[in-house]
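Asks: The sequence shown begins at 1 in UniProt numbering and counts up one residue at a time.
All residues carry an ideal CB built from backbone N, CA and C; glycine is no exception.
Quick caveat: nothing in here was measured; it's all calculated off a predicted structure.
This is the structure I have questions about; it appears just below.
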Amino acid sequence: MFSELKPLPTDPILGLMAAYKKDTNPNKIDLGVGVYKDEQGHTPVLKAVKKAEAFRLENETTKSYIGLAGNLDYCDKMEKLLLGNEHPALLANRIRTAQAPGGTGALRVAAEFIKRCNTDATVWVTTPTWANHISLFEAAGLTVKEYPYYDYENKGLLFDEMIEALKQVPKGDIVLLHACCHNPSGMDLNAEQWQIVAELAKDSGFTPLVDIAYQGFGSGLEEDAQGLRLLAATVDEMLICSSCSKNFGLYRERIGACSFIAKDAVVADVANSVLLSVVRSIYSMPPAHGADIVNTILGSEELTQEWHQELAEMRDRINGLRSLLKDSLNAKGTSQDFSFIERQNGMFSFLGIDKAQIDRLREEYSIYIVGSSRVNVAGVSKDNIAYFADAVATVLK
Ligand code: LMR
Numbered sequence: 001m002f003s004e005l006k007p008l009p010t011d012p013i014l015g016l017m018a019a020y021k022k023d024t025n026p027n028k029i030d031l032g033v034g035v036y037k038d039e040q041g042h043t044p045v046l047k048a049v050k051k052a053e054a055f056r057l058e059n060e061t062t063k064s065y066i067g068l069a070g071n072l073d074y075c076d077k078m079e080k081l082l083l084g085n086e087h088p089a090l091l092a093n094r095i096r097t098a099q100a101p102g103g104t105g106a107l108r109v110a111a112e113f114i115k116r117c118n119t120d121a122t123v124w125v126t127t128p129t130w131a132n133h134i135s136l137f138e139a140a141g142l143t144v145k146e147y148p149y150y151d152y153e154n155k156g157l158l159f160d161e162m163i164e165a166l167k168q169v170p171k172g173d174i175v176l177l178h179a180c181c182h183n184p185s186g187m188d189l190n191a192e193q194w195q196i197v198a199e200l201a202k203d204s205g206f207t208p209l210v211d212i213a214y215q216g217f218g219s220g221l222e223e224d225a226q227g228l229r230l231l232a233a234t235v236d237e238m239l240i241c242s243s244c245s246k247n248f249g250l251y252r253e254r255i256g257a258c259s260f261i262a263k264d265a266v267v268a269d270v271a272n273s274v275l276l277s278v279v280r281s282i283y284s285m286p287p288a289h290g291a292d293i294v295n296t297i298l299g300s301e302e303l304t305q306e307w308h309q310e311l312a313e314m315r316d317r318i319n320g321l322r323s324l325l326k327d328s329l330n331a332k333g334t335s336q337d338f339s340f341i342e343r344q345n346g347m348f349s350f351l352g353i354d355k356a357q358i359d360r361l362r363e364e365y366s367i368y369i370v371g372s373s374r375v376n377v378a379g380v381s382k383d384n385i386a387y388f389a390d391a392v393a394t395v396l397k
């Protein structure tokens, strides 16, 4: 049976990560996978996380199973982190959450849940979107279609085209939106544009699914959730897939959440029974560690403050690097204007260079960039920026 299989290409992001690890060039630079790095190129464990882990080691009393939805205190705190303490959907008891193994696990649970709600649902994703979105929904048997989003030419948004396309999306279909720090372009909707999308969803009846994997990496925890909160205050039903990989630096612990908002508490309870049966049929119950850490941090004023500070440091460093990157590239006098890098949010921007140039960067300079020209800004540092800018200027000649 296995010998019938044909080999598949490596994942465009994770394959790059493996290739970078193998590269022995001391000047190598990893701008591939979306992982935060400090000035030394490390991805440290946050201090707040270390303290929560120490607390857990001392205070954990059992390794018995947790329930299908995972750690319920964690779920409760995630809902508040996403929506804010006083959101009308929370006060009306319309939201339900299942802890999930990372943002990807949350998306996969959401995909199976959507399939149970409407087998024929199409999931509409931005052009472009995170490479894994498409394969993930298709793997769950859903049709995936794209709607215009990023303007490659002007390095902005194709907002009018996006709205025109979304007007054609029928009731019962799902529209996936990135809450903030759009992956891969870094281009986000502003509050006014979120409002227009929310009104459209309400009028035409499609169901929004908001993927929020970078809360706190754009402008701040509250600011980055504004669009999501606005949608949640406007529509009757929506899904939210969240991740603690980036903002808590808990990448390998695989901790996220799949939430949905229903039109009332009764519908929410019924739908929740379906969501939990989806969980049961995939992995039965989520792992405990990551949720416990997040729950401990968010349950302590002191640790929450420390986490806020560490998150702000990561965000400020990325924003500083955006300016450094733009200035260093523009200073090389290349024909391209890189000022768009400063206008975008979060870890990613498209450099706007072609495949041959990306290959040259990797082969001649050991600089690793995803094939779409997405760069992880956090991979740049004061030490490697000159090498990077020189290399880009050379391949652009
Ligand atoms: C990324 O986009 O690089 C991250 O979300 C990591 C991944 O799993 O692809």
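Determine the DSSP secondary structure at D203, reduced to helix, strand or coil.
Replies: helix
Asks: Taking H308 as part of the beta strand (DSSP E), name the residues at either end of that continuous run.
Replies: First-last for H308: E301 to N330, but that is the alpha helix (DSSP H), not the beta strand (DSSP E).
Asks: Based on DSSP bridge pairs, tell me the residues matched to D30.
Replies: Y368
Asks: The ligand LMR and T10: does any heavy atom of the ligand fall closer than 8 Å to the residue's C-beta?
Replies: no
Asks: Tell me whether V144, by its Cβ, gets closer than 8 Å to a heavy atom of the ligand LMR.
Replies: The closest heavy atom of the ligand LMR lies 8 Å or more from the beta carbon of V144.
Asks: To the nearest angstrom, report how far apart M1 and I13 are at their CA atoms.
Replies: 29 Å
Asks: Between the C-alpha atoms of A378 and S300, what's the straight-line distance to the nearest angstrom?
Replies: In a straight line, the C-alpha of A378 is about 29 Å away from that of S300.
Asks: Please state whether DSSP places V169 in a helix, a strand or coil.
Replies: coil
Asks: Provide the residue span of the beta strand (DSSP E) that contains K145, from first to last.
Replies: T143 to P148
Asks: Between the beta-carbon of L324 and the beta-carbon of A393, is there less than 9 Å?
Replies: no
Asks: Which residues mark the beginning and the end of the beta strand (DSSP E) in which R108 is found?
Replies: R108: not part of any beta strand (DSSP E); member of the alpha helix (DSSP H) spanning G102 to C117, first to last residue.
Asks: Measure the CB-CB distance between G352 and G186 and report whether it falls below 9 Å.
Replies: No. Outside cutoff.
Asks: Using a threshold of 8 Å, is the CB atom of T129 nearer than that to any non-hydrogen atom of the ligand LMR?
Replies: no
Asks: Tell me whether P184, by its Cβ, gets closer than 8 Å to a heavy atom of the ligand LMR.
Replies: yes
Asks: Going by DSSP in three states, P9 sits in which element: helix, strand or coil?
Replies: coil
Asks: Which partner residues does S373 have in the DSSP bridge list?
Replies: Beta-bridge analysis with DSSP links S373 to no other residue.
Asks: Under 8 Å by Cβ, that's how I've got N27 and Y387 pegged, so tell me the actual separation to the nearest angstrom.
Replies: 6 Å
Asks: At a threshold of 8 Å, does N345 count as lining the ligand LMR (C-beta to nearest heavy atom)?
Replies: no
Asks: Once the 5 residues before and after L200 are set aside, which same chain residues still bring their CB inside 6 Å of it?
Replies: L166
Asks: Could you check if V35 belongs to the surroundings of the ligand LMR, using beta carbon to heavy atom distance under 8 Å?
Replies: Taking 8 Å as the cut-off, one finds at least one heavy atom of the ligand LMR near enough to the beta carbon of V35.
Asks: Please name the residue in K332, K326 and T334 whose C-alpha comes closest to that of F340.
Replies: K326
Asks: I want to know whether the segment 206-223 touches the segment 75-94 - three or more CB-CB distances under 8 Å.
Replies: yes
Asks: According to the Cβ coordinates, are L209 and C244 closer than 9 Å?
Replies: no
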